[in-house]
Amino acid sequence: MDELLTCGQMALADAWAMDHGVDGPALMAQAGRAVAHAVQARWSARPVVVLCGPGNNGGDGYVIARHLSEAGWPVRVATSHPTTGLKGEALHHAGLWLASPGGRGGPEKLEPSVLDGAALVVDALYGAGLTRPLGEDVSAVMAEVVARGLPVVAVDVPSGLQGDTGESWGACQAQLTVTFLRKKPGHVLMPGRALCGEIVVADIGIAPQALAPLQVQAWENSPALWLARWSAPSGMTHKYRRGHVIVLGGARMVGAGRLAARAAGRIGAGMTTLAVPGSAWPVYAAGVMSTMVHPLPDHAVSSFLESWTDLLAPSRWAAAVLGPGALTGLPEPAQATLRSLVLTALQAPGGRPLVLDADALTAFEASPELLFDAIVQSESPVVLTPHEGEFQRLFGPGDQGKLERTRDAARRSGAVVLHKGADTVIAAPDGRAAVNTNAPAWLATAGAGDVLAGLIGGLLAQGLPAWKAACAAAWVHGACARAFGPGLLAEDLPEQVPALLRDLWSQP
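Sequential numbering from 828 applies to the sequence shown in this note's numbering.
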């Protein structure tokens, strides 16, 4: 159940179910019943207010009210729209509620006083397809919900949350959100994910075959996406088959390159080499053991680039990571030198994959099309790993949600783009995208991005396709941080990888 459905795709899935013998009232009945059961599983019977909107979300609310009332819960229903204005399935289920013992008084007016005496609120006002901010009447009631500290159960999404982007137009924090068939992008993108609280995906009787015609191209990142392409090394392998990763290091931020190289080795690369300015070679050589250190003469641009080109010529390297702490110590002008190093790597024979991170992205912020053109003309698979600031400097701010902005960036650049953040999005030029959701807050620590770049490089060196390698690395990165817990430093991350690999490869 990792697929993410847009609001339009969910509507098509509903239509498919009705075309295949499941009528609309039955779907709504299943949805409302699922929410009622989720509420009963988490709270004991208590006074509850169900807030019903004018559409199908409100129809779900009337089903919920009827089921909770029949189970003995004190239920009140409030709405800003008379039930006579409802249509279709929503009108049908509002009628069933009105005919039930709990509904004979009819719904109350939607105003803050309806919350008097309530211990729980069910938000069935607006679903994921809302395209405008909440009205004043709804906003006033939801503000009062917050002021009173009442727990909220949201139907599909908290009202005001846009299902395709995760953007909020005044949505209230929910403790529980119950959605149907599959999650939507808004459930996993920030701030939507935080506003949803616990998310339950309920089965409402739509067969999985409904997904086939939808051509889903977005997923919540999980091992199901990539584990089949990544397995434990066989007994016949050797270090070159496991992949040789070259990491470009700088002269001042020497920890960055070392973190990337160690992460590449921990994730399974058979060999790692740090290519560093000659003046910094003693520092690197004294600080690593399993990683080789290759000095690049840093007294002149020409000799520096010549040595770099020679290093990339042999056939035994399998992937390269450029950018972590790389800008210092290069022959001046440093940014121009780093651009030349990147372009040389893109032109290296064999089309071997590259990870471009941090300084390797900053070097092109004044001329991003130079980088994108070189990637398109190259045979090398490329992964770009910008955080939000770097992303905007390369691709501009854009006016879409993070998922679509990242997809557009991947199409424009010809690279896999891993757009970092609490809701990291990984997009491929062909439109595939995944949202990573397992990263804890303590992963926000200096050097964590260098480790991520190294993990991607190590997986690319082992032969994983670029999009799957980036997805796998992002998930492993988050899982390692969770395994360590609070107090995490970047150097702790690679040391969590071996135990994680044992768990992953032991899965059937």
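Glycine included, every Cβ here is placed at the ideal spot set by N, Cα and C.
In this structure, residue 1288 sits near residue 1072, with a CB-CB distance shorter than 8 Å. One thing to note: residue 905 has its Cβ no nearer than 8 Å to the Cβ of residue 930. Relative to residue 884, the option among 845, 982, 837, 863 whose CA is nearest is 982. Here residue 1216 is exposed, its C-beta having fewer than 16 other C-beta atoms within 10 Å.
Residue 1228 counts as buried, since no fewer than 16 other beta carbons sit within 10 angstroms of its beta carbon. Straight-line measurement puts the Cα of residue 1159 at about 51 Å from the Cα of residue 1024.
Looking at 1272, 1121, 919, the one whose alpha-carbon comes closest to that of residue 1109 is 1121.
When the Cα atoms are used, residue 1019 and residue 848 turn out to be separated by approximately 33 Å. In the structure shown, the three-state DSSP call for residue 1206 is coil.
Contact check between the stretch 1025–1040 and the stretch 832–844: three or more CB pairs, one atom from each, fall below 8 Å, which counts as touching.
Closest by C-alpha distance to residue 911, out of 886, 899, 896, is 886. Closest option to residue 1096, judged by alpha-carbon separation, among 958, 1286, 1247: 1286. Put simply, of 878, 967, 1155, 1243 the residue whose alpha carbon is nearest the alpha carbon of residue 902 is 878.
For the pair residue 1150 and residue 1075, the Cα-to-Cα distance works out to about 7 Å.
In terms of Cα proximity to residue 1088, the closest of 1077, 984, 1101 is 1101. From the listed residues 898, 1163, 928, 1057, the smallest Cα separation to residue 1298 is found for 1057. Excluding sequence positions up to five before and after residue 1195, its CB lies within less than 6 Å of the CB of 1221, all in the same chain and listed in chain order. The alpha-carbon of residue 1070 is positioned some 12 Å away from that of residue 1283. In this structure, the alpha-carbon of residue 1292 lies about 12 Å from that of residue 1146.
Counted as a single uninterrupted DSSP element, the alpha helix (DSSP H) harbouring residue 1234 occupies residues 1229–1240. About 10 Å separates the Cβ atoms of residue 1306 and residue 1270, ruling out a contact at the 8 Å cut-off.
Between residue 1233 and residue 1214, the C-beta gap is not smaller than 8 Å, which leaves the two residues out of contact. For the stretch 1091–1124, the full-length alpha helix (DSSP H) segments reaching 4 residues or more read 1108–1114 along the chain.
Taking the C-beta atoms as reference points, residue 913 is found no nearer than 8 Å to residue 866.
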